[in-house]
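Residue numbers (the working numbering), protein chains in the order written: chain S, 1 to 133; chain H, 134 to 266. The beta-carbon is built from N, C-alpha and C at its ideal position, and this holds for glycine as well.
2 protein chains.
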Amino acid sequence: MNIGEAARRSGLSAKTIRYYEETGLIAPAARAENGYRDYSDRDVHKLRFVRHARGLGFSVEECSQLLSLYQDKERHSSDVKAIAEQHLADVEDKIRELQELRNTLSHLVTCCHGDNRPDCPILEGIAEGPEDQ
Amino acid sequence: MNIGEAARRSGLSAKTIRYYEETGLIAPAARAENGYRDYSDRDVHKLRFVRHARGLGFSVEECSQLLSLYQDKERHSSDVKAIAEQHLADVEDKIRELQELRNTLSHLVTCCHGDNRPDCPILEGIAEGPEDQ
DNA sequence: CTTGCCCTTCCAGTCACTGGAAGCTTAAAT
DNA sequence: ATTTAAGCTTCCAGTGACTGGAAGGGCAAG
């Protein structure tokens with residue numbers, strides 16, 4: 001099937017599929033006589049795998065490793081788990097960071113009257129910066 | 134003072150300060166006779182403001198608006214509040230998104246034995262994708 | 001006078017795409 | 001048969017917010 005059909009079935013855009021091929025995340029597709037890329041159901045399956053992994057927030061590099069492991073029937077599940085645990089830890093760090101951010105922002109927003117006068121605790125809060133400096 | 138000193142005092146890197154100038158976030162610095170950028174304490178104060186705003190996750194574009202409002206003594210605090218509220222909403226969306234991600238990931242990680250055998254619920258989970266498809 | 005740090009500009013790279021131009025092939029509509 | 005439309009190809013450029021590095025000039029100390 002052509003790239004458009006593979007895109008439809010995998011949920012990725014044709015652009016993205018070409019990009020993944022160019023950067024080596026997926027193997028170069030077979031080519032039909034007219035030079036068009038030609039995808040099999042297996043290829044689409046791999047593309048869907050990558051899409052789901054990206055949807056879980058794995059980087060393209062991590063997706064590459066996960067895809068290799070997925071295709072390696074001799075893999076150790078510990079290798080997969082290590083990648084996932086690291087990513088999970090990263091996500092948890094990011095959540096904590098954003099929660100702190102949210103707390104600060106929501107405090108500032110609550111303090112600001114939001115009227116047509118110029119005095120604004122938000123701007124003052126930004127100007128002062130975090131206290132621990 | 135030179136850019137290095139302004140960098141030290143503002144907590145930004147010299148590279149970043151030049152970048153902010155180039156992209157119009159901050160006004161072009163005055164120049165000394167030798168062509169070096171020359172910063173005043175007021176300039177450093179603005180740079181610190183921008184650093185704090187960036188630290189709160191505001192985009193450079195938003196920082197630009199906030200800095201304008203900061204310098205506008207006729208501002209309406211409602212304009213500031215609108216920017217902050219929008220950003221807060223974005224942060225909250227992002228937190229929810231990451232929390233869902235974390236839940237899925239932590240479920241998968243828990244299910245995986247993480248030993249030297251190949252069977253791996255993480256890879257299976259990725260291959261299947263979210264159920265609602 | 002040379003060492004070493006600071007400053008200048010400009011170019012390239014990051015990450016993961018996305019958009020668009022220019023030029024093919026193929027399929028459908030007239 | 002012709003024309004249009006869609007789909008495919010490659011390549012180049014842009015996104016955001018920097019960061020790194022090269023090439024070259026300024027400046028103070030040893």
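Determine the closest residue to residue i out of the options, with distance taken between C-alpha atoms.
i: residue 214 of chain H; options: S:108, S:90, S:85, S:55; result: S:108
i: residue 38 of chain S; options: S:84, S:46, S:5; result: S:5
i: residue 226 of chain H; options: S:130, S:34, S:117, S:102; result: S:102
i: residue 73 of chain S; options: H:146, H:251, H:260; result: H:251
i: residue 49 of chain S; options: S:71, S:95, S:98; result: S:71
i: residue 21 of chain S; options: S:130, S:60, S:85, S:129; result: S:60
i: residue 33 of chain S; options: S:1, S:129, S:53; result: S:1
i: residue 263 of chain H; options: S:85, S:3, S:116, S:53; result: S:53
i: residue 156 of chain H; options: H:164, H:218, H:197, H:163; result: H:197
i: residue 208 of chain H; options: S:116, S:15, S:128; result: S:116
i: residue 260 of chain H; options: S:91, S:96, S:44; result: S:44
i: residue 273 of chain H; options: H:224, H:136, H:231, H:228; result: Here chain H has residues from 134 to 266 only, and residue 273 of chain H is not among them.
i: residue 218 of chain H; options: H:231, H:148, H:228, H:191; result: H:191
i: residue 218 of chain S; options: S:98, S:95, S:40; result: Not covered by the structure: residue 218 of chain S. The range shown for chain S is 1 to 133.
Decide if residue i is buried, meaning its Cβ has at least 16 other Cβ atoms within 10 Å, or exposed.
i: residue 120 of chain S; result: buried
i: residue 244 of chain H; result: exposed
i: residue 266 of chain H; result: No answer about residue 266 of chain H holds up, because its pLDDT of 46 lies below 50 and its placement is not dependable.
i: residue 220 of chain H; result: buried
i: residue 122 of chain S; result: buried
i: residue 258 of chain H; result: buried
i: residue 7 of chain S; result: buried
i: residue 222 of chain H; result: exposed
i: residue 146 of chain H; result: exposed
i: residue 15 of chain S; result: exposed
i: residue 97 of chain S; result: exposed
Just to confirm, is the Cβ distance from residue i to residue j under 8 Å?
i: residue 144 of chain H; j: residue 175 of chain H; result: no
i: residue 46 of chain S; j: residue 26 of chain S; result: yes
i: residue 233 of chain H; j: residue 216 of chain H; result: no
i: residue 238 of chain H; j: residue 66 of chain S; result: no
Since residue i and residue j should fall inside the 8 Å C-beta cutoff, what is the C-beta to C-beta distance between them, to a whole number of angstroms?
i: residue 114 of chain S; j: residue 211 of chain H; result: 4 Å
Item checked: Residues of the segment 75-107 of chain S with Cβ closer than 8 Å to any Cβ of chain H, in chain order -> Of all residues in the segment 75-107 of chain S, 75, 76, 77, 78, 80, 81, 82, 84, 85, 87, 88, 91, 92, 94, 95, 98, 99, 101, 102, 104, 105, 106 have a Cβ within less than 8 Å of some Cβ in chain H.
Note to self: Please identify, using Cβ separations under 8 Å, the residues of the segment 176-195 of chain H that lie next to chain S, in order along the chain.
What the structure shows: Interface annotation for the segment 176-195 of chain H against chain S: 178, 181, 182, 184, 185, 186, 188, 189, 190, criterion Cβ-Cβ distance under 8 Å.
Check: In chain order, what residues of the segment 136-163 of chain H put their CB closer than 9 Å to some CB of chain S?
Finding: The residues in question are 144.
Check: Using Cβ-Cβ distances below 7 Å, what residues of the segment 239-258 of chain H are close to chain S?
Finding: Against chain S - using a Cβ distance shorter than 7 Å - the residues of the segment 239-258 of chain H are 239, 241, 242, 245, 246, 247, 248, 249, 250, 251, 252, 253, 255, 256.
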